[in-house]
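Reviewing the structure listed below.
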Amino acid sequence: MLRLRAVCPFSWRAFQFRSCSCKPLITEMIKCTDEGQIFDLIQKSKAILSEKQVECAFNILWQFQKQKTSFLKNVECVRDHPQFITLHNLATSQTEFMNDDTLVNVLYLTQQCATETHDLLVEALVTEAWRRLERFDINMLSKFSFCLANQHLYFSPLMGKIADIVHRKLETIEDLSFVKLFVALGPMAGPEEKEQLKSTILLMSEELTSQQALAVMGAMEEMESRNSHLNKKIASILHKHLDNYKPIELLKITRALIFLHFQNKELFVKLRELLHSYLKISVIPSEISILVYALSILPSPYLNEVEVSRIEAVLPQCDLTDLNSFATSVLRWIHYDRTYLDNTTGKQLKLLQKLDHYGLQRLQKCTNLNLLWEELKSLKGDWFAESLLEETVATLHRLMDEINYKNVAEIASFLSRTNYLSTLLLDRIASVVLQQTEKIHPFAILPIILPFSILNYDPPQSDEFFGICVQHLNSYLSVLDPLMLVFLGFSLATLEYFPEDLLQAIFNIKFLAKMDSQLELLCSSLSMRVQLRLMELNRAVCLECPEYQIPWFHDRFCQQQYNKDTGSMNGAQQQIYKMLAEVLGGTNYVKASVLTPYYHKIDFECILDKRKKPLPYGSNSITLGKLPEMHWESNTQITGSTLPPGAERIALEFLDSRAFCRNIPHLKGKSAMKKRHLEILGYRVIQIPHFEWNSMALSTKEARMDYLRECIFGEGKS
């Protein structure tokens, strides 16, 4: 009890002024020493719990969790406890009666209990807070913005509304509550707002604590800050407090300084000294992996033999996350040695072999899918993909019966991320969705559909599976985020599935206007990705569902994008171009880098008459290695032009490894859709896979020439 008071003195002060009716039960809650006692109180008092008592219960449960080490935390057990669910339901029903402080505090505490973003309570709290935004003070806006940032809602219309309110109140801000707003709003602010935010922070920088300076540095990294004066100011504060930061905080500082191209030799020397000193005394695997990773991204990275031995000693205790972090660091050292020292040492390669061994061993011993997922969800990089992916999929096959409505979207996301086609796992995902649809939140439908779209796979009962997914979403079409709808529509179109209700929800003036306003808040890379997906969806609907009479409205956008294209042919494309010219009778019989109607770009095009004789294009000179200048009128109209009777237009595409699944030569969704579209436009499509073109069977020029002749003139291939 005394420990709990010491941990959260502010929390206890916050409860001193509650109404008399709240006090007895709140006093009992404060006397509780574990979660079980709190849950007993909730069970006895659930009929009379007020919103203040609900807030207190959330608060104390979270304080118990904060006292525990990572090995003892039991957030999942707490979250799934029947009385936590009771507390959750009570809070959901009381949302509109909570005062502003309680409302935002319960949202914050709910998130700390790892409640999902699309949970009904979270949705109710966010919706109610949205209604009250204009009356929130800066402290309240700060905390609410922080909650939204935790949900990755940086670019939502709600964040845009908060940014607008802050913009109006900016000149009245006089305290450091502003720091949380800076952290939450910085990444999505417009150029003007960013400068205002930075200027305000620079006036207040002398008052920043070590933790506030760290938070500001993180926001500056998100914003890709180029304000050298502010960067130097914050870095000097960090330097002053450097001895007080924990290893994970030192990693954040190192990463931000490197990303912002900060130049300060003295600061980097101090960072390196601190990281090495921590490494000498640390015995916790996760902490050691953090320290090693931070050292590996510093200029001129190195580890001495004692430190390498320290890594080797903790490997048997490491989980997959730690092993992956170590492997990433070792690979970075190997790359650095090769680039600058040309002296890759055997100890680094030996360490990689040990990492492989312990990673495989951990996977083979795993008996619980949810525990495995906790380690898998953040894994990425070359080491995992090359060394552990096959064994990971084998482990997922072994634990496949544990896939259910709670984790199905996570397993689907993993397959999307890895580009690994496992028909067993995809069939299981589809089966779980068909059996447990009502338990799956509509927001999880997109990640569930994504691997089927990316990997170009139709499960058994595919019509029923996709149909039930879309039906599950229909009543939410008006409230779903516009970006999600666009990505969902494109994913379904890749699979040749075009639900009319969804398409009508996207292709209307009101929706597109809403999306345009949202695009203004996005970073340029995400905005461009959304616009490209909308264009590709528009193209797919026009070509595959003309009966919907949805107009094509992306001519201008496509011309702007393709006018920027300065790409060049790769080595294989140059080889193919030269050989095609020989096979067809000259460069005037083959056209390179052709744009079709609706702006598909194809590598090469040729035309054969009814007797399979090539037809010339006229002058068609090209400098190898460079794409020809694009003539919009001729190229976009050529497919629509009249061909002689019996003639056929041929599109030849070289497909590199990105067009296929990682584990088998199965064509992925986007490449399959492009082939479909070109055939609708009247082409005979010849796809040349990289693994065929680079095979031993085609190792000579003569063999490759015969291959091209067979593809173009033969009967067997098309």
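Under my numbering, the residue at position 532 of the sequence shown is numbered 879, and the numbers go up by one with no gaps.
Every residue, glycine too, gets a C-beta built ideally from N, C-alpha and C.
Inter-residue spacing [alpha-carbon to alpha-carbon] between residue i and residue j
| i | j | result |
| --- | --- | --- |
| C1058 | K697 | 47 Å |
| I385 | L638 | 38 Å |
| A756 | E737 | 20 Å |
| N497 | L450 | 16 Å |
| E554 | I658 | 39 Å |
| I856 | K378 | 58 Å |
| T556 | K701 | 42 Å |
| E891 | F837 | 13 Å |
| K973 | I923 | Per-residue confidence for K973 stands at a pLDDT of 38, beneath the threshold of 50, marking its modelled position as unreliable; no derived number is given. |
| E569 | M551 | 20 Å |
| G1061 | L835 | 40 Å |
| Y804 | T442 | 43 Å |
| R573 | L607 | 8 Å |
| L859 | N611 | 47 Å |
| L1055 | D748 | 47 Å |
| E382 | I595 | 29 Å |
| D950 | F761 | 32 Å |
| A471 | T457 | 12 Å |
| I954 | N917 | 24 Å |
| I605 | E634 | 20 Å |
| E475 | A852 | 26 Å |
| W720 | P798 | 17 Å |
| A1006 | H1024 | 16 Å |
| D810 | L699 | 46 Å |
| V473 | F493 | 12 Å |
N- and C-terminal bounds of the beta strand (DSSP E) containing residue i
| i | result |
| --- | --- |
| I954 | 948–955 |
| Q1034 | 1030–1036 |
| I631 | Where I631 is concerned, there is no enclosing beta strand (DSSP E), given that its DSSP letter is neither H nor E. |
| S1042 | From DSSP, S1042 is part of no beta strand (DSSP E); its letter is neither H nor E. |
| R996 | 995–1002 |
| V941 | 938–942 |
Close-in-space but distant-in-sequence residues of the same chain around residue i (CB under 6 Å, 5 per side omitted)
| i | result |
| --- | --- |
| K948 | L942 |
| L549 | L577 |
| A887 | A840 |
| R764 | none |
| S676 | V639, Y640, S643 |
| G728 | T675 |
| L830 | V877 |
Cβ neighbours of residue i in the same chain (closer than 7 Å, five flanking residues each side left out)
| i | result |
| --- | --- |
| P646 | F615 |
| N821 | D848 |
| V779 | I750, N751, Y752, V755 |
| A438 | V401, V453, L468 |
Extent of the continuous alpha helix (DSSP H) run through residue i
| i | result |
| --- | --- |
| R775 | 770–783 |
| I395 | No alpha helix (DSSP H) contains I395, which DSSP labels as neither H nor E. |
| Q677 | One point to set straight first is that residue 677 is Val, not Gln, in the sequence displayed. Unbroken alpha helix (DSSP H) run through V677: 667–683. |
| N452 | 447–459 |
| L718 | 716–723 |
| L927 | 918–931 |
| E553 | First-last for E553: undefined, no H or E at that position. |
| C816 | 809–821 |
Beta-carbon contacts of residue i that lie in its chain and below 8 Å, excluding the five residues immediately before and after
| i | result |
| --- | --- |
| T433 | I389, Q390, K393 |
| T986 | For T986, the predicted model reports a pLDDT of 41, less than 50, meaning its position is unreliable; a value from the coordinates is still stated below. Excluding positions up to five away in sequence, the list reads T943, P944, R996, L1028, G1029, Y1030. |
| E375 | L388 |
| A705 | Checking the displayed sequence, the identity of residue 705 turns out to be Tyr instead of Ala. Once the five neighbours on either side are set aside, the close Cβ partners of Y705 are L662, P663, C665, L670. |
| M926 | K1048, R1051, M1052, L1055 |
| S368 | Note on S368: pLDDT 46, under 50, position unreliable in the model; no value is reported. |
| N766 | I801, L802, C1008, R1009, K1015 |
8 Å Cβ cutoff met for residue i and residue j
| i | j | result |
| --- | --- | --- |
| D447 | M506 | no |
| H588 | K617 | no |
| Q865 | P504 | yes |
| P632 | V661 | yes |
| P648 | R602 | no |
| L667 | E613 | no |
| A560 | I581 | yes |
| P806 | D774 | yes |
| V937 | L884 | no |
| I600 | M567 | no |
| H901 | M875 | no |
State whether the segment 843–851 contacts the segment 864–877, with contact taken as three or more CB pairs (one from each stretch) at a distance under 8 Å.
-> No, the segment 843–851 does not touch the segment 864–877.
Counting Cβ pairs closer than 8 Å, one from the segment 952–967 and one from the segment 918–937, do we hit at least three?
-> With a cut-off of 8 Å, the segment 918–937 and the segment 952–967 count as touching, because enough Cβ pairs lie within range.
Kindly confirm or deny that the segment 1001–1014 and the segment 1041–1052 touch, where touching means at least three C-beta pairs closer than 8 Å.
-> Counting Cβ pairs under 8 Å, fewer than three are found: no touch.
The segment 812–830 touching the segment 778–795, judged by at least three CB pairs closer than 8 Å | The segment 812–830 and the segment 778–795 touch, with no fewer than 3 CB-CB distances between them shorter than 8 Å.
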